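See below for the structure under consideration.
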Amino acid sequence: MTEQLVDALAYLPIQRAALACVLCGVSCSLLSVFVVLMKMPLMGVSMSHAAFAGAVLGMLLDINPALSGFVMCLLAAGVLGPLSDHTDMAPENVLGIMFSFLMGLAFLGLGILTRTKANALNLMWGSMLSLSGSDIAVLTFVTSLLVLFVLLFFKEIRLVLFHRRLATASGVPARAIYYALLFLTGAVVSSNLATVGGLLIFALLVQPGATALQLTYNLKHFFIISAASGVGACVSGLIISYIFNLPSGAAVVLMATIIFAAAYIFSPKRMAAKLKKGSIYHEDDRR
Amino acid sequence: MDRYIIELEGITVRKGRGLLLDNISLSVPRSECVGIIGPNGAGKTTLLNVIAGFERFTGRLSLFERRESWKRDRATRLRIGYVPQLFQIDPAFPILASEAVITGSIGRLGLFNSPGRQERERAMQLMEMMRMAHLADRPLGQLSGGERQKVSLARAIIQKPDILLMDEPTANLDIAVQKEVMDLVSEIHRQQGLTILLVTHDFNMLPPSMSRAVLLYRGKTIFDGDMDTAMSGEILSRLFQYPLETFDRNGKRFVSYD
Chain A
26 MTEQLVDALA YLPIQRAALA CVLCGVSCSL LSVFVVLMKM PLMGVSMSHA
76 AFAGAVLGML LDINPALSGF VMCLLAAGVL GPLSDHTDMA PENVLGIMFS
126 FLMGLAFLGL GILTRTKANA LNLMWGSMLS LSGSDIAVLT FVTSLLVLFV
176 LLFFKEIRLV LFHRRLATAS GVPARAIYYA LLFLTGAVVS SNLATVGGLL
226 IFALLVQPGA TALQLTYNLK HFFIISAASG VGACVSGLII SYIFNLPSGA
276 AVVLMATIIF AAAYIFSPKR MAAKLKKGSI YHEDDRR
Chain B
60 MDRYIIELEG ITVRKGRGLL LDNISLSVPR SECVGIIGPN GAGKTTLLNV
110 IAGFERFTGR LSLFERRESW KRDRATRLRI GYVPQLFQID PAFPILASEA
160 VITGSIGRLG LFNSPGRQER ERAMQLMEMM RMAHLADRPL GQLSGGERQK
210 VSLARAIIQK PDILLMDEPT ANLDIAVQKE VMDLVSEIHR QQGLTILLVT
260 HDFNMLPPSM SRAVLLYRGK TIFDGDMDTA MSGEILSRLF QYPLETFDRN
310 GKRFVSYD
């Protein structure tokens, strides 16, 4: 079986698929830290539908779908940022409305699109085995940009995630960090859309962060665990799908869920909280 | 000449058709500890937010004898410490109490500089002063409300501000913890000579060093002066639209109600 895998890795399309998988795992799971800690699980769904709608419109208008998807993501970020900043609406509601609007737009485009429906459906499931060198280059660039962002602004990110208003009060450009984050989410989602597909993106924008939340109180470790579990899900899912001849996207999503479930069951944080709850009647642990 | 560190003239804040603040004027000299007191919906928090730079307004606001809008540069923000009302935090959120305190210093460090030994030591000093050094390595979300408010206070102080703004810092805390927090505020006020504005509706739980009261009612100032004068049954009854009486015990004035 290992021999089979090693043999497979000799082929360029498989090499590219493996590389894209790792890059997608890293970029989506780093973003999932923000999605989970800012409690915006709908952000991933909204962004991937923006990218999807943009790509479908791009196909209709004969524009490069990756580019039009990215533009649509930026538009969505540009609407989402100020709306959640200035209105009395909770960001969750804004996201909910945007998500359904964009889905409607995407399906409208899909309905009009007659020629290349198969191409559009690829956006849902991805097309891992037909990636070009430039696909990989874009993914590499976007992933490095995100990694750089996290490394350079780690302390600012910590405070913005903790409390945006306190960040502003302490002289941290909280709004700039937040908008940069929205921009990077758009870039990651739209560049991954054509490769791994929208379905996988939702899963990877929430599950790795939720996995890390079970395991650590240290934000550095949080990012690392999240990235590791995301890459782990991608790689193991891909291997399983290859061996058992299963759809790769589904295998990756299911692996991510299994990893999350394992983290939840064995969560030291949850166990500690449980023990504490049990002891509340025996001693005063308020101080 | 050092006149007023905070000066408001004709400050008005609108929301929709209503007025949250209606032509408020207020001058605060350096090192004064001022209570902003009033019933719910009086505009206390809005007033604090105008000074903190979280709220758009019309009128004239000067801080450190410089005219300011609701947008602030970093240097001005750094000179204003802010302690919000007790807020919810996910018990699983990945931040330790000492890390939360240190976040107060990162604006001062600027981009690309990480907090180092100096910031960690300062955070520990502050936590010792507030008698919570033993909590340094505990996840913030697992601390009690009072402990989290003390972390918030330490976080604001590590920023080395000249002005400290506090928005109902003791709301939802039990009495012993309220007293502890208010005594700490007084201690910090005396030690560091900070200018403090504290929003509250609880006139029986004020920092001992608070000398001045600004009473707000429906967006208007109805009294501005000595704390002792403000603490009269007549004025407070009018403010809260409820019959209140005051009595003195052990040299302190208390407010009571039926």
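Quick mapping for you: the protein sequence lines, in order, are chains A and B.
In terms of this note's numbering, the first sequence opens at residue 26 and continues consecutively.
In terms of this note's numbering, the second sequence opens at residue 60 and continues consecutively.
Cβ atoms here follow ideal geometry from the backbone N, Cα and C, with glycine treated the same way.
The structure presented is a predicted model; accordingly, all values stated were derived computationally and were not measured.
Assuming residue i contacts residue j (C-beta within less than 8 Å), just tell me the rounded distance between them.
{"i": "residue 231/B", "j": "residue 204/B", "result": "6 Å"}
{"i": "residue 216/B", "j": "residue 138/B", "result": "Going by Cβ atoms, the distance from residue 216/B to residue 138/B rounds to 13 Å, so no, they are not a contact pair."}
{"i": "residue 229/A", "j": "residue 103/A", "result": "Contact flag wrong, Cβ pair sits at about 24 Å."}
{"i": "residue 271/B", "j": "residue 290/B", "result": "That pair is no contact at about 12 Å."}
{"i": "residue 303/B", "j": "residue 96/B", "result": "Incorrect: roughly 12 Å between the Cβ atoms, too far for contact."}
{"i": "residue 243/B", "j": "residue 189/B", "result": "6 Å"}
{"i": "residue 194/A", "j": "residue 111/B", "result": "6 Å"}
{"i": "residue 374/B", "j": "residue 288/B", "result": "For chain B, the structure presents residues 60 to 317; residue 374/B sits outside this window and is missing."}
{"i": "residue 252/B", "j": "residue 90/B", "result": "5 Å"}
{"i": "residue 267/B", "j": "residue 257/B", "result": "Not confirmed; about 12 Å, so no contact."}
{"i": "residue 250/A", "j": "residue 237/A", "result": "4 Å"}
Kindly list the residues whose CB is nearer than 8 Å to the CB of residue i, restricted to its own chain and excluding five residues on each side of it in sequence; keep chain order.
{"i": "residue 293/A", "result": "240"}
{"i": "residue 306/A", "result": "Only weak support is given to the placement of residue 306/A: the predicted model assigns it a pLDDT of 40, under 50, and the value that follows is read from those uncertain coordinates. Taken in chain order, the list of residues that qualify is empty."}
{"i": "residue 100/B", "result": "277"}
{"i": "residue 43/A", "result": "34, 260 and 263"}
{"i": "residue 60/B", "result": "Residue confidence is low: residue 60/B scores 46 on pLDDT, short of 50, so the model does not pin down where it sits. No coordinate-derived value is stated."}
{"i": "residue 238/B", "result": "264"}
{"i": "residue 202/B", "result": "156, 194 and 210"}
Verify whether the separation of the beta carbon atoms of residue i and residue j is less than 8 Å.
{"i": "residue 105/A", "j": "residue 120/A", "result": "yes"}
{"i": "residue 64/B", "j": "residue 254/B", "result": "yes"}
{"i": "residue 225/A", "j": "residue 274/A", "result": "yes"}
{"i": "residue 31/B", "j": "residue 156/B", "result": "This structure cannot settle anything about residue 31/B, because the visible part of chain B is limited to 60 through 317."}
{"i": "residue 131/A", "j": "residue 77/A", "result": "yes"}
{"i": "residue 93/A", "j": "residue 80/A", "result": "yes"}
{"i": "residue 115/B", "j": "residue 126/B", "result": "no"}
{"i": "residue 247/A", "j": "residue 175/A", "result": "no"}
{"i": "residue 250/B", "j": "residue 228/B", "result": "no"}
{"i": "residue 313/B", "j": "residue 263/B", "result": "yes"}
{"i": "residue 196/A", "j": "residue 73/A", "result": "no"}
{"i": "residue 171/A", "j": "residue 55/A", "result": "yes"}
{"i": "residue 235/A", "j": "residue 61/A", "result": "yes"}
{"i": "residue 214/B", "j": "residue 151/B", "result": "no"}
{"i": "residue 140/B", "j": "residue 220/B", "result": "yes"}
{"i": "residue 90/A", "j": "residue 97/A", "result": "no"}
Residues bridged to residue i by DSSP?
{"i": "residue 276/B", "result": "279/B"}
{"i": "residue 225/B", "result": "142/B and 257/B"}
{"i": "residue 125/B", "result": "122/B"}
{"i": "residue 285/B", "result": "271/B"}
{"i": "residue 155/B", "result": "198/B"}
Looking only at its own chain, which residues have a Cβ that is under 7 Å from the Cβ of residue i, when we skip the five neighbours before and after it?
{"i": "residue 63/A", "result": "186"}
{"i": "residue 165/B", "result": "174"}
{"i": "residue 168/A", "result": "48, 51 and 52"}
{"i": "residue 41/A", "result": "156 and 161"}
{"i": "residue 204/A", "result": "106"}
With a threshold of 6 Å on Cβ separation, who are the neighbours of residue i within its own chain once the five nearest residues in sequence on each side are excluded?
{"i": "residue 62/B", "result": "none"}
{"i": "residue 192/A", "result": "184, 185 and 199"}
{"i": "residue 297/B", "result": "none"}
{"i": "residue 86/B", "result": "63 and 66"}
{"i": "residue 181/A", "result": "197 and 202"}
Looking at the secondary structure, which residues open and close the beta strand (DSSP E) in which residue i lies?
{"i": "residue 83/B", "result": "77-88"}
{"i": "residue 305/B", "result": "303-308"}
{"i": "residue 71/B", "result": "63-74"}
{"i": "residue 148/B", "result": "Looking at the DSSP string, residue 148/B is not in any beta strand (DSSP E), and its letter there is neither H nor E."}
{"i": "residue 315/B", "result": "311-316"}
{"i": "residue 96/B", "result": "92-96"}
Which residues bound the alpha helix (DSSP H) around residue i?
{"i": "residue 180/A", "result": "179-187"}
{"i": "residue 104/B", "result": "103-111"}
{"i": "residue 226/A", "result": "223-240"}
{"i": "residue 116/B", "result": "Neither: residue 116/B is in no alpha helix (DSSP H) and is coded neither H nor E."}
{"i": "residue 74/A", "result": "67-85"}
{"i": "residue 125/A", "result": "116-137"}
{"i": "residue 267/A", "result": "244-269"}
{"i": "residue 32/A", "result": "27-33"}
{"i": "residue 171/B", "result": "Element bounds for residue 171/B: n/a, residue is neither H nor E."}
{"i": "residue 238/B", "result": "234-251"}
{"i": "residue 208/B", "result": "204-217"}
{"i": "residue 282/A", "result": "273-290"}
{"i": "residue 295/B", "result": "292-299"}
{"i": "residue 47/A", "result": "37-62"}
{"i": "residue 196/A", "result": "Run containing residue 196/A: none; DSSP gives neither H nor E here."}
{"i": "residue 137/B", "result": "133-137"}
Looking at residue i and the ligand MG, is the gap between the Cβ and the nearest heavy atom below 7 Å?
{"i": "residue 208/B", "result": "No copy of the ligand MG occurs in the structure displayed, which carries no ligand at all."}
Positions along the region 201-221 of chain B whose CB lies within less than 9 Å of some CB in chain D: The chain inventory of the structure shown lacks chain D, comprising the protein chains A and B.
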